[in-house]
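Quick notes on the structure that follows.
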Amino acid sequence: MDHGGWWRARWAGLSCVGNASIGARSTPRRPGERERRAAVAVWVRGASGFTYAARMDGFPRFDVPGRVALVTGAARGLGRAIALTLAHAGADVALGLRDVAADAGLAAEVTALGRRVLPLQMDVTDVGQVRAAVDAVVEHFGRLDILVNNAGIAPENLAEDVVEEDFDQTLAVNLKGTFFASQAAGRVMIRQGYGRIVNIGSQAGAVALPGEAVYCMTKAAIAHLTRCLAVEWGGHGITVNAVAPTFVHTPGTEAYLADPEHRRDVVERIAALHRIGEPVEVAGAVLFLVSPAASLITGETLLIDGGWTAR
Numbered sequence: 134m135d136h137g138g139w140w141r142a143r144w145a146g147l148s149c150v151g152n153a154s155i156g157a158r159s160t161p162r163r164p165g166e167r168e169r170r171a172a173v174a175v176w177v178r179g180a181s182g183f184t185y186a187a188r189m190d191g192f193p194r195f196d197v198p199g200r201v202a203l204v205t206g207a208a209r210g211l212g213r214a215i216a217l218t219l220a221h222a223g224a225d226v227a228l229g230l231r232d233v234a235a236d237a238g239l240a241a242e243v244t245a246l247g248r249r250v251l252p253l254q255m256d257v258t259d260v261g262q263v264r265a266a267v268d269a270v271v272e273h274f275g276r277l278d279i280l281v282n283n284a285g286i287a288p289e290n291l292a293e294d295v296v297e298e299d300f301d302q303t304l305a306v307n308l309k310g311t312f313f314a315s316q317a318a319g320r321v322m323i324r325q326g327y328g329r330i331v332n333i334g335s336q337a338g339a340v341a342l343p344g345e346a347v348y349c350m351t352k353a354a355i356a357h358l359t360r361c362l363a364v365e366w367g368g369h370g371i372t373v374n375a376v377a378p379t380f381v382h383t384p385g386t387e388a389y390l391a392d393p394e395h396r397r398d399v400v401e402r403i404a405a406l407h408r409i410g411e412p413v414e415v416a417g418a419v420l421f422l423v424s425p426a427a428s429l430i431t432g433e434t435l436l437i438d439g440g441w442t443a444r
């Protein structure tokens, strides 16, 4: 089979991609489309065996300059690391906080990086607050490009001991909050014709953890919600993905990981890398998924579990 001929035919149809000299389009470009199409042209041209344009600006970028991001549950742990990582990568950041006065200096850190910041009162179980927060982001920054649904809780209890109040609260934060924050942001992104949503799931959505039946259930649901939203909104230039971390050193896991024997036998022994994760390792995956480098990825849940589920 003449693979070279096939690629030459494909390239003939793509050679004008990203070329500013083409005639006027009948429809306006979506934000970032020119950069995305130019990057695709470089890769296809390289695969065809033609002259390879080894220019760094022709490759997919792993940063997000000028984008506006909203991170829920941003005060500490994963949320804090994600907010700072996005700011380092060039994004202005809105901080969704249950207590807007208790950001532990996060807003100041974002500002010190030269990025704009907007702390917001945002209890994700309150749909009115969620919608008001998204409206405030658009009013303040003029747009909303990235949503990271990080807010979540994980009360530990055996299934036979779970009480209705804990059940309802876990679903309210982990599922209701994720859905309605995505809905509010999605409406904005549909109007823009562009958006990136990343849901924070868990390896608990893929494996069963004793004493975590309700939490595991919500994280499995997040993985499927991610696929559903990706399918519904893909035609609007919106990607929806999730990351599913293993045990990570955060204030929320401090007590759980404090027992050396428990940590060694239950966590480190099972993971192929035999260690606990760090927040920045999750934040890096989030940055990848919202960057131009991941423009063709949607509906996926990326396991960041040190090989836990590989066994």
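The numbers in the sequence shown follow the numbering used here, run straight up by one, and end at 444. Beta carbons are placed, not taken as given, at the ideal position from N, Cα and C, and that holds for glycine.
Separation of residue j from residue i, as counted between CA atoms
i, j, result
"Ala346", "Ala292", "6 angstroms"
"Pro412", "Leu280", "18 angstroms"
"Gly210", "Cys349", "20 angstroms"
"Ala405", "Ile437", "12 angstroms"
"Leu362", "Gly417", "23 angstroms"
"Ala284", "Phe192", "33 angstroms"
"Trp144", "Arg264", "Caution applies to Trp144, whose pLDDT of 34 falls short of 50 and renders its modelled position unreliable; the value that the coordinates give is listed next. Roughly 45 angstroms separates the two Cα atoms."
"Val243", "Val271", "19 angstroms"
"Leu228", "Val331", "15 angstroms"
"Leu435", "Gly199", "25 angstroms"
"Asp278", "Gly367", "14 angstroms"
"Asp225", "Thr431", "23 angstroms"
"Glu297", "Arg194", "46 angstroms"
"Ala216", "Met255", "15 angstroms"
"Ala269", "Val201", "12 angstroms"
"Thr351", "Val295", "14 angstroms"
"Ala287", "Asp398", "21 angstroms"
"Glu289", "Glu401", "19 angstroms"
"Arg444", "Ile403", "8 angstroms"
"Gly275", "Ala317", "15 angstroms"
"Glu168", "Phe380", "With a pLDDT of 47 at Glu168, under the threshold of 50, the modelled position of that residue is not reliable, and no figure is offered here."
"Arg178", "Glu433", "Because the pLDDT of Arg178 is 37, which lies under 50, any placement of that residue in the model is unreliable, and the number read from its coordinates should be weighed accordingly. In a straight line, the C-alpha of Arg178 is about 27 angstroms away from that of Glu433."
"Gly356", "Leu429", "Looking at the sequence shown, residue 356 is not Gly but Ala. About 18 angstroms."
Bridge partners - residue i, DSSP secondary structure assignment
i, result
"Ile333", "Val376"
"Ile409", "DSSP output for Ile409 lists no bridge partner at all."
"Leu203", "Ala227, Leu280"
"Gln254", "Leu230"
"Thr434", "Ala375"
"Gly367", "Gly367 is not bridged to any residue."
"Glu345", "Asn290"
"Gly328", "Ile371"
"Val381", "Gly410"
Within 9 angstroms, strictly: CB atoms of residue i and residue j
i, j, result
"Ala214", "Val197", "no"
"Leu203", "Val267", "yes"
"Gly319", "Thr359", "no"
"His369", "Ile409", "no"
"Val321", "Pro378", "no"
"Ala353", "Ala337", "yes"
"Gly439", "His407", "yes"
"Ala208", "Ala241", "no"
Expected contact under 8 angstroms - CB spacing of residue i and residue j to nearest Å
i, j, result
"Asn282", "Thr205", "6 angstroms"
"Leu239", "His273", "That pair is no contact at about 17 angstroms."
message: With a threshold of 8 angstroms, are at least 3 pairs of Cβ atoms found where one atom belongs to the region 371-388 and the other to the region 420-439?
response: Yes, since at least three Cβ pairs between the region 371-388 and the region 420-439 fall closer than 8 angstroms, the two stretches touch.
query: Does the region 295-313 come within contact of the region 250-267, defined as at least 3 CB pairs closer than 8 angstroms?
result: Counting Cβ pairs under 8 angstroms, three or more are found: they touch.
query: Touch check for the region 383-398 and the region 235-253: three-plus C-beta pairs under 8 angstroms?
result: no
message: Would the region 316-327 count as touching the region 297-306 if we require 3 or more Cβ pairs under 8 angstroms?
response: The region 316-327 and the region 297-306 do not touch, with fewer than 3 CB-CB distances between them shorter than 8 angstroms.
field: Stretch-stretch touch, CB-based, cutoff 8 angstroms, three pairs: the region 226-239 with the region 335-343
entry: Contact between the region 226-239 and the region 335-343 is absent, because fewer than three Cβ pairs lie under 8 angstroms.
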